[in-house]
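Taken in order, the sequence shown gives residues 106 to 494; the numbers are from this note's numbering. Beta carbons are placed, not taken as given, at the ideal position from N, Cα and C, and that holds for glycine. Every value quoted in this text rests on a predicted model; they were computed, and no experiment measured them.
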Amino acid sequence: MGGHRRDQSDSHVPLKQSAEFQQCISSNSQDQIRYLTETSLNIVEPVPNGTINSLSSTDLPIYRNDSIFHRQRRIIEKRAYRGWCGTMMITAMRKQQHSAQILLTWQKEALKTFAAFVCLLISAFLNFFLLTVIHDIVPREPLPDLVFMLIPQQRWAWVVGDTFSTLNAVLGFTCVLLHKKRLIVFRRVLLLGGIMYGLRAVVLGLTFLPPSFQNRDEICLPQVNRTAMYATEITTRFVTYVVTLGLTSGQDKILCGDLMFSGHTIVLTIMYFTLLQYTPRRLVYLRYIAAPLTYIGIAALVISGGHYTMDVLVAYWLTSHIFYAYHQVFAMPRIERTKAPLSHLWWFWLCYWFESDVPDGLLRNEWEWPLPGPICMHHFVQRISDKLQ
106 MGGHRRDQSD
116 SHVPLKQSAE
126 FQQCISSNSQ
136 DQIRYLTETS
146 LNIVEPVPNG
156 TINSLSSTDL
166 PIYRNDSIFH
176 RQRRIIEKRA
186 YRGWCGTMMI
196 TAMRKQQHSA
206 QILLTWQKEA
216 LKTFAAFVCL
226 LISAFLNFFL
236 LTVIHDIVPR
246 EPLPDLVFML
256 IPQQRWAWVV
266 GDTFSTLNAV
276 LGFTCVLLHK
286 KRLIVFRRVL
296 LLGGIMYGLR
306 AVVLGLTFLP
316 PSFQNRDEIC
326 LPQVNRTAMY
336 ATEITTRFVT
346 YVVTLGLTSG
356 QDKILCGDLM
366 FSGHTIVLTI
376 MYFTLLQYTP
386 RRLVYLRYIA
396 APLTYIGIAA
406 LVISGGHYTM
416 DVLVAYWLTS
426 HIFYAYHQVF
436 AMPRIERTKA
446 PLSHLWWFWL
456 CYWFESDVPD
466 GLLRNEWEWP
476 LPGPICMHHF
486 VQRISDKLQ
């Protein structure tokens, strides 16, 4: 009987797993190989009697024979590689689909924001056009006003009203620009401005109030007759107001008659409420800056004689009601909006399409740097936003 060497074995005698294979299993791809070895690999091996045995990888013995050992190892590694490639491919496809969905959502939001901007432009241009015509129609004797009786008109206060309106707008749009949902917030500001200036255009075209200035001849431009050159005069006035955005404090003489209700008060109020609504919770001190700017600016409009007291009161009252009614109805769940009592307001269906893709509830007031770079600004704004929550 021949001797049996330690480095040889019969073809069907299983031995212990070699240290080399155990080291392979504990490599970086251990998890993937374990997963594949636990599943059936169905390795087919011939046996001496001519039959075929199908062996599962969990039952497959490890042989010292190099060819069988390396064959099993190659099969396991190939399956592991295929599984890794499949996982990477699925991950890449999901990332691509997610990026495409984000791009589609951004395009829809940008389109709606542009449409809201067009609405505001139409309303503003209509106001400018009506002013160029109303100036030659309104009477010249001012109406009595309680504030005018108590406080003499101060021309310098008109500059204060313009300046505070501009500062409030800068603060408001800075808040909008830093907001993480800036397109949604910006669109809402544009829509509210379009609604208010559209309503103002209707009022301006129906009732003509005389200028509130006591020294109107020194402040208001002279009225002109409707001559052949009247269209040219109207065009010149319109272009002037478009270029200056309605800010007239730097002009010697201005067009008069756009009184009911105050456009400056609309800007001051919308920007103030935007700061209240969309600043982070702990940024309280910014509200203490915006509130004096708003109310002192409104008071300056009356003290200067640029508006009657009722002009600014009506403008503040209408703007505050429409602003918070808008945010209340569109903070509701989408399926409940059309059934809410506020859905019967005339502007609801005008704004319904603009809010169709906005998530339910209030927006989370988080800040984000709006530009691609620099990276340090992204981290800086993110840290500030986290501290202000």
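Problem - Per-residue burial, residue 273 [other beta carbons within 10 Å of its own, 16 or more giving buried] - result: Locating residue 273 in the sequence shown gives position 168, counting from the first residue. Label assigned to residue 273: buried.
I think residue 403 touches residue 417, with their Cβ atoms under 8 angstroms apart; what is that distance to the nearest whole Å?
Position 298 of the sequence shown, counted from the start, is the residue given in the question as residue 403. Position 312 of the sequence shown, counted from the start, is the residue given in the question as residue 417. Sure, about 5 angstroms apart at Cβ, within 8 angstroms.
- prompt: Just to confirm, are residue 214 and residue 315 a CB contact at a threshold of 9 angstroms?
  reply: Numbered from 1 along the sequence shown, position 109 holds the residue referred to as residue 214. Numbered from 1 along the sequence shown, position 210 holds the residue referred to as residue 315. The answer is no: Cβ separation not under 9 angstroms.
- prompt: The alpha helix (DSSP H) spanning residue 255 covers which residue range?
  reply: Along the sequence shown, read from residue 1 onward, the residue named residue 255 stands at position 150. First-last of the alpha helix (DSSP H) with residue 255: 251-255.
Is it buried or exposed, residue 286, if we count other Cβ atoms within 10 angstroms and call 16 or more buried? Counted from its first residue, the sequence shown places residue 286 at position 181. Classification of residue 286: buried, given that the 10 Å Cβ count is 16 or more.
Relative to the C-alpha of residue 284, which candidate in 476, 481, 480 has its C-alpha closest? Looking up residue 284 in the sequence shown gives position 179. Residue 476 is the option with its Cα nearest to residue 284.
Alpha carbon to alpha carbon, how far is residue 466 from residue 513? Give it in angstroms, no decimals. Look at the range of the chain in this structure, 106 to 494, and you will see that residue 513 is not part of it.
Next item on the list: Have a look at residue 279 and residue 181 and give me their C-alpha separation to the nearest angstrom.
Entry: Here residue 279 is taken as the residue at index 174 of the sequence shown, counted from 1. Here residue 181 is taken as the residue at index 76 of the sequence shown, counted from 1. Their backbone Cα atoms lie some 59 angstroms apart in a straight line.
Worksheet item: Across which residues does DSSP place residue 472 in a beta bridge pair?
Response: Here residue 472 is taken as the residue at index 367 of the sequence shown, counted from 1. Answer by DSSP bridge pairing, in chain order: 284.
_Let me make sure I understand the geometry here. Which of 230, 383, 251 has the alpha-carbon closest to that of residue 98?_
Residue 98 cannot be examined here, being either before or after the span of the chain that is shown, 106 to 494.
Once you ignore the five residues that flank residue 259 on each side, which residues in its own chain have a CB closer than 7 angstroms to its CB? Within the sequence shown, the letter at position 154 stands for residue 259. If we look at residue 259 and ignore the five residues flanking it on each side, its Cβ neighbours are 408, 409.
- Query: Under the three-state reduction of DSSP, which class applies to residue 224: helix, strand or coil?
  - Reply: By 1-based counting over the sequence shown, the position of residue 224 is 119. Residue state, collapsed to three classes: helix.
Report task. Within 10 angstroms of the Cβ of residue 204, are there 16 or more other Cβ atoms? Answer buried if so, exposed if not. Result -> By 1-based counting over the sequence shown, the position of residue 204 is 99. It is exposed - the Cβ of residue 204 has fewer than 16 other Cβ atoms within 10 Å.
Backbone CA spacing between residue 405 and residue 254 [nearest angstrom]: Here residue 405 refers to the residue found at position 300 of the sequence shown. Here residue 254 refers to the residue found at position 149 of the sequence shown. Going by the C-alpha atoms only, they are around 15 angstroms apart.
Buried versus exposed, by CB contacts within 10 Å (16 or more), residue 217
One-based indexing of the sequence shown puts residue 217 at position 112. It is buried - the Cβ of residue 217 has at least 16 other Cβ atoms within 10 Å.
Which residue comes first and which comes last in the alpha helix (DSSP H) that contains residue 492? If you number the sequence shown from 1, residue 492 lands on position 387. It spans 480-493 - the alpha helix (DSSP H) in which residue 492 sits, taken as one unbroken run.
### Query
Under the three-state reduction of DSSP, which class applies to residue 375: helix, strand or coil?
By one-based count along the sequence shown, residue 375 stands at place 270. It is helical.
Query - Residue-chain proximity (residue 181, chain D), Cβ-Cβ < 9 angstroms - result: Of the chains in the structure shown, none is chain D; there is only one protein chain.
request  = Evaluate residue 478 with the Cβ neighbour count: other Cβ atoms within 10 Å of its Cβ, from every protein chain shown; 16 or more gives buried, anything less gives exposed.
outcome  = Here residue 478 is taken as the residue at index 373 of the sequence shown, counted from 1. It counts as exposed.
- Item | Distance, residue 236 Cα to residue 468 Cα | Within the sequence shown, the letter at position 363 stands for residue 468. Within the sequence shown, the letter at position 131 stands for residue 236. Cα to Cα, residue 468 sits roughly 38 angstroms from residue 236.
Should residue 491 be labelled buried (16 or more other beta-carbon atoms within 10 Å of its own) or exposed?
-> For the purposes of this step, residue 491 is taken as the residue at position 386 of the sequence shown. Classification of residue 491: exposed, given that the 10 Å Cβ count is below 16.
Fill in: From 209, 201, 308, residue whose alpha carbon lies closest to that of residue 462
Residue numbering aside, residue 462 sits at position 357 when the sequence shown is read from its first letter. Selected option, being the one with the closest Cα: 209.
Checklist line | Cβ pair residue 419, residue 365 closer than 9 angstroms | finding: Within the sequence shown, residue 419 is the residue found at index 314, counting from 1. Within the sequence shown, residue 365 is the residue found at index 260, counting from 1. Yes, the Cβ-Cβ distance between residue 419 and residue 365 is below 9 angstroms.
Leaving out five residues before and five after residue 296 in sequence, what residues of the same chain have Cβ atoms less than 7 angstroms from its Cβ? The residue given as residue 296 occupies position 191 in the sequence shown. Contacts found: 221, 224, 456, 459.
Buried or exposed: where does residue 380 fall if 16 or more other Cβ atoms within 10 Å of its Cβ makes it buried?
-> Residue mapping note: residue 380 aligns to position 275 of the sequence shown, counting from 1. Buried, since its Cβ has 16 or more Cβ neighbours within 10 Å.
Note to self: I need the straight-line Cα distance from residue 248 to residue 317, nearest angstrom please.
What the structure shows: What you label residue 248 is simply residue 143 of the sequence shown in a count that begins at 1. What you label residue 317 is simply residue 212 of the sequence shown in a count that begins at 1. Going from the Cα of residue 248 to the Cα of residue 317 covers about 7 angstroms.
Using alpha carbons as the reference points, say which of 373, 326, 293 lies closest to residue 357.
Here residue 357 is taken as the residue at index 252 of the sequence shown, counted from 1. Nearest C-alpha to residue 357: 326.
Task: Per-residue burial, residue 179 [other beta carbons within 10 Å of its own, 16 or more giving buried] - done: Taking the first residue of the sequence shown as position 1, residue 179 is located at position 74. Result: exposed.
Distance CB(residue 233)-CB(residue 347) smaller than 9 angstroms:
For the purposes of this step, residue 233 is taken as the residue at position 128 of the sequence shown. For the purposes of this step, residue 347 is taken as the residue at position 242 of the sequence shown. The answer is yes: Cβ separation under 9 angstroms.
* Considering only residues of the same chain and omitting the five flanking positions on each side of residue 497, which have a CB-CB separation below 6 angstroms? -> Residue numbering for the chain in the displayed model covers 106 to 494; residue 497 lies beyond these limits and cannot be assessed.
inquiry  = So the candidates are 411, 483, 281; which of them puts its Cα closest to the Cα of residue 321?
reply    = Here residue 321 refers to the residue found at position 216 of the sequence shown. Nearest of 411, 483, 281 to residue 321, Cα basis: 411.
*Could you name the residues that DSSP lists as bridge partners for residue 325?*
By 1-based counting over the sequence shown, the position of residue 325 is 220. Answer by DSSP bridge pairing, in chain order: 359.
Quick one: what does DSSP say residue 246 is sitting in, helix, strand or coil? By 1-based counting over the sequence shown, the position of residue 246 is 141. It is coil, neither helix nor strand.
Which of the three DSSP states is assigned to residue 438 in this structure? Stepping through the sequence shown from its first residue, residue 438 is reached at position 333. If DSSP states are grouped into helix, strand and coil, residue 438 belongs with coil.
- Find out if the Cβ-Cβ distance for the pair residue 487, residue 386 is shorter than 9 angstroms. Here residue 487 refers to the residue found at position 382 of the sequence shown. Here residue 386 refers to the residue found at position 281 of the sequence shown. No.
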